[in-house]
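Written out below as structure tokens is the structure these notes cover.
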Amino acid sequence: MRSVLLGAPGSGKGTQAGIISERLGIAHVASGDLFREAASRGDEVGRQAKSYMEKGLLVPDEITIRMILERVAAPDCARGFILDGFPRTLEQAKALDMALGKRGEAIDRVFYIEVATEELVRRLSGRFICRSCQKPYHPVYSPPEVTGRCDHCGGELYQRPDDLPETVKKRIEVYFAETAPLIDHYKEAGKLVEINGQGEIGEIVERLVAALPQD
Ligand code: AMP
29 MRSVLLGAPG
39 SGKGTQAGII
49 SERLGIAHVA
59 SGDLFREAAS
69 RGDEVGRQAK
79 SYMEKGLLVP
89 DEITIRMILE
99 RVAAPDCARG
109 FILDGFPRTL
119 EQAKALDMAL
129 GKRGEAIDRV
139 FYIEVATEEL
149 VRRLSGRFIC
159 RSCQKPYHPV
169 YSPPEVTGRC
179 DHCGGELYQR
189 PDDLPETVKK
199 RIEVYFAETA
209 PLIDHYKEAG
219 KLVEINGQGE
229 IGEIVERLVA
239 ALPQD
């Protein structure tokens, strides 16, 4: 299965993509994680992406598209993948369709996770991320078993600099301007499934599982 998780920052895409990809045994490809990893390695893509990320802006399409198309061509994506955070512009969506089309493949399904804006701000401003595996936590909604440590790999939890209030506001604005139009793009293609993203993490997982293709 090749799918996309679409939703605003804080809608739970990362959490859900992690759970679903493990259940289905397919790759979880998160553009933001790839950029953060590149930035911490200090390589060329990381250096280019860093200034945009710090401001809550989108990294230019050219850089982003190249990085993701390379990633989805890797052997671990051959059985399928879940894209989390990509595409975020119409240009990116078209480039993805075209690249997959050339290999005789296509995106099967796009899950749009809907969450009210006030809830997004609440979630993002309390969010902590694992420095090693990037798993997200929240002191109220999804606390770790040991404060400051990742349940999954024991890594250190930290607050992303772009989860600070001013940048969160900007990221949500950018989402509505640049990414929300993709909802119509995928609706017209007959691929969009809307998922209510409010409630307990387990409930949202079940809604997603119920919407997965049955074959
Ligand atoms: P995320 O972890 O998905 O919230 O992404 C963090 C940041 O990485 C975003 O605010 C952007 O600066 C950058 N980024 C991630 N994915 C994309 C994308 N598809 N297009 C452009 N920039 C992206």
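For what it's worth, this note's numbering labels the leading residue of the sequence shown as 29, then goes sequentially.
We treat Cβ as the ideally placed atom computed from N, Cα and C, and that holds for glycine.
Item	Value
Ser13 and Ile96 closer than 8 Å at C-beta	Only positions 29 to 243 of the chain appear in this structure, which leaves residue 13 out of reach.
Asp71 beta carbon near the ligand AMP (any heavy atom closer than 7 Å)	no
Reduced DSSP secondary structure (H/G/I, E/B, other) of Pro209	helix
Selected residue, minimal CA-CA separation from Arg188, among Arg151, Gly70, Asp136, Ile232	Arg151
Where Pro164 sits in the DSSP three-state scheme	strand
Where the beta strand (DSSP E) through Arg116 begins and ends	Here Arg116 belongs to no beta strand (DSSP E), and DSSP marks it neither H nor E.
Expected contact under 8 Å - CB spacing of Thr145 and Gln120 to nearest Å	Not quite, the Cβ-Cβ distance comes to about 23 Å (not below 8 Å), so this is no contact.
Rounded Cβ spacing between Ile157 and Leu185 (contact assumed at less than 8 Å)	7 Å
Other residues of its chain near Val87: CB distance less than 6 Å, five sequence neighbours each side excluded	Ala77, Tyr80
Assigned secondary structure, Gly105 (DSSP; H/G/I helix, E/B strand, else coil)	Gly is not the amino acid found at residue 105; the sequence shown has Cys there. Of the three classes helix, strand and coil, the one that applies to Cys105 here is helix, per DSSP.
Lys197 burial status per 10 Å Cβ neighbour count (16 or more: buried)	exposed
Rounded distance between the beta-carbons of Leu148 and Ser39, thought under 8 Å	7 Å
Buried versus exposed, by CB contacts within 10 Å (16 or more), Leu192	exposed
Cutoff 6 Å; reference Cys105; Cβ partners in own chain excluding five residues on either side	Ala55
Ser59 Cβ short of 7 Å to the ligand AMP heavy atom set	yes
8 Å Cβ cutoff met for Gly113 and Lys215	no
N- and C-terminal bounds of the beta strand (DSSP E) containing Tyr203	No beta strand (DSSP E) holds Tyr203; DSSP gives it neither H nor E.
Under 8 Å between C-beta atoms of Ala239 and Ile223	yes
Simplified DSSP state of Ala58, which is helix, strand or coil	strand
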